[in-house]
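Enquirer:
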Amino acid sequence: MLSSAWRSVAINIETQLTAAYFRVQKLRKVGFRGMHSTVEDVKLESMQVKILPALQDNYMYLIVDNKTREAAVVDPVDPELVIKTVQEQNLTLNKVLTTHHHWDHAGGNEKLVKLWEKELDVYGGDDRIGALNKKVSQDDSFTIGSLNVRCLSTPCHTTGHICYHVTAGDGKGEGAVFTGDTLFQGGCGRFFEGTPEEMYEALCTKLSALPDSTKVFCGHEYTLQNMSFARHVEPDNESIQQRIEWAKLRRASQDPTVPSTIGEEKIWNPFMRVHEASVQKHAGGATDPIITMGKLRKEKDNFKA
31 MLSSAWRSVA INIETQLTAA YFRVQKLRKV GFRGMHSTVE DVKLESMQVK ILPALQDNYM
91 YLIVDNKTRE AAVVDPVDPE LVIKTVQEQN LTLNKVLTTH HHWDHAGGNE KLVKLWEKEL
151 DVYGGDDRIG ALNKKVSQDD SFTIGSLNVR CLSTPCHTTG HICYHVTAGD GKGEGAVFTG
211 DTLFQGGCGR FFEGTPEEMY EALCTKLSAL PDSTKVFCGH EYTLQNMSFA RHVEPDNESI
271 QQRIEWAKLR RASQDPTVPS TIGEEKIWNP FMRVHEASVQ KHAGGATDPI ITMGKLRKEK
331 DNFKA
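Okay, so the sequence shown: first residue is 31 according to our numbering, each after it adds one.
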């Protein structure tokens with residue numbers, strides 16, 4: 031009984047310290063050359079993913095085929111940085127992958143198309159996306175050099191949201207999925223244009239079906255905020271606490287906390303754990319995972335780290 035009480039006190043103190051950390055971070059001047067995070071390369075067997083920070087907490091991504099050096103950019107809201115990086119790396123950029131129409135993801139499309147001297151294929155699942163010329167839907171596919179891209183329709187945050195699953199041409203090795211504002215590390219996007227049923231389908235059916243080793247590149251640096259809520263939901267989940275400590279170290283040096291993996295999200299993301307008894311108990315005890323999903327999202331909407 032005593033140890034349980036002390037554990038509760040310790041969690042409360044840790045929560046307050048985390049909240050203070052967030053406040054300090056907001057007051058700091060962010061990143062090198064004003065960026066909120068450092069530019070970082072993630073090297074997989076068949077591809078390289080260059081993490082490009084943008085705005086206050088967004089991420090753009092350059093996907094580079096190792097064989098051909100052809101590249102695609104995901105959500106290029108800062109076109110100048112994209113062009114500069116492509117030219118420095120001597121890449122062939124010919125595709126834009128837009129996850130959804132919100133300005134902080136699609137707002138740079140038209141300018142990039144205008145500034146870029148060569149033709150760009152602009153992919154997306156919503157007619158509200160600027161410069162769109164390749165509309166896609168569930169299971170549509172295309173290539174980036176020798177890489178394969180499969181489109182996953184994940185409506186909820188917006189009705190036309192698309193996640194892009196990228197793999198080697200032979201299907202071997204690690205894959206990557208670019209999830210925009212559907213799946214975050216430790217969290218998910220708000221249900222602006224959809225329902226708990228749709229987010230359940232997106233997270234627990236489509237994305238959960240990807241190999242556990244799949245790298246998850248999400249649209250924002252929200253890890254510490256999301257993990258604070260995840261710990262609130264499952265205070266006894268040690269994986270969550272370990273990730274928080276790791277993420278704090280990364281953010282102290284302004285390094286990005288992406289990517290995670292699908293397998294890891296199944297361990298610590300409450301919105302992908304709505305079948306778990308511990309998560310259902312926190313959400314009121316209903317055993318229906320969709321009801322749990324809806325209650326979690328409503329609670330998260332008003333949660334203060």
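Just so you know, even glycine gets a beta-carbon here, dropped at the ideal spot from N, CA and C. On a predicted model such as this, the values are computed, not experimentally measured, just so you know.
At 4 residues or longer, and completely inside the stretch 55–133: list those alpha helix (DSSP H) runs for me, N to C.
Expert: Listed in chain order, they are 109–119.
Enquirer: Alpha carbon to alpha carbon, how far is Ala282 from His262? Give it in angstroms, no decimals.
Expert: Answer to the nearest angstrom: the Cα atoms are 23 Å apart.
Enquirer: Quick one: using the 10 Å Cβ neighbour count with 16 as the cut-off for buried, is Arg303 buried or exposed?
Expert: It is buried - the Cβ of Arg303 has at least 16 other Cβ atoms within 10 Å.
Enquirer: Cα-Cα, which of Glu70, Asp87 and Leu74 is closest to Ile81?
Expert: The residue with the shortest Cα to Cα distance from Ile81 is Glu70.
Enquirer: Applying the 10 Å Cβ sphere with the 16-neighbour rule, what's the burial state of Trp276?
Expert: Classification of Trp276: exposed, given that the 10 Å Cβ count is below 16.
Enquirer: Could you check what DSSP says for Lys165 in three-state terms: helix, strand or coil?
Expert: Three-state result, Lys165: strand.
Enquirer: Do Gly224 and Cys248 count as a contact pair if the criterion is CB distance below 9 Å?
Expert: Their beta carbons are not under 9 Å apart, which means Cys248 does not touch Gly224 by this criterion.
Enquirer: Hey, could you find the ends of the beta strand (DSSP E) Arg220 is sitting in?
Expert: No beta strand (DSSP E) contains Arg220, which DSSP labels as neither H nor E.
Enquirer: Ordered along the chain, which non-local residues of its own chain (more than five positions away) have a Cβ less than 8 Å from that of Leu240?
Expert: These residues qualify, in order along the chain: His195, Gly205, Val207 and Ile292.
Enquirer: Return the residue from the list Val246, Thr98 and Gly138 that minimises the CA-CA distance to Gly199.
Expert: Taking only the C-alpha atoms, the option nearest Gly199 is Thr98.
Enquirer: Cα-Cα, which of Val309, Phe222 and Pro289 is closest to Pro265?
Expert: Measuring from the Cα of Pro265, the nearest candidate turns out to be Val309.
Enquirer: Taking only beta-carbon positions, decide if Tyr230 is within less than 9 Å of chain C.
Expert: Protein chains in the displayed structure number just one, and chain C is not present.
Enquirer: May I ask you to list the residues that DSSP assigns as paired with His195?
Expert: The partner list for His195 (beta bridge, DSSP) reads Arg180 and Val207.
Enquirer: Do Asn256 and Gly201 come within 9 Å of each other at the CB atom, strictly closer than that value?
Expert: Cβ distance not < 9 Å, so Gly201 and Asn256 don't count as in contact.
Enquirer: Let me make sure I understand the geometry here. Which of Gly175, Leu237, Glu268 and Asn139 has the alpha-carbon closest to that of Asn163?
Expert: The residue with the shortest Cα to Cα distance from Asn163 is Asn139.
Enquirer: Ends of the alpha helix (DSSP H) at Val263?
Expert: Counting along the chain, the alpha helix (DSSP H) containing Val263 begins and ends at Thr253 to Val263.
Enquirer: Assuming Gly293 is part of the alpha helix (DSSP H), what are its boundary residues?
Expert: Per DSSP, Gly293 belongs to the alpha helix (DSSP H) from Ile292 to Trp298.
Enquirer: Distance check for Lys114 and Ile336, CA to CA, integer angstroms please.
Expert: Residue 336 is absent from the model: the chain starts at 31 and stops at 335.
Enquirer: I'd like the span of the beta strand (DSSP E) that includes Ser171, first residue to last.
Expert: Start and end: Ser171 to Ile174.
Enquirer: Would the beta-carbon of Ala161 fall within 9 Å of that of Val116?
Expert: No, Cβ-Cβ distance for Ala161 and Val116 is not below 9 Å.
Enquirer: Report yes if the CB atom of Glu306 is closer than 9 Å to the CB atom of Ser269, and no otherwise.
Expert: Contact flag unset, no.
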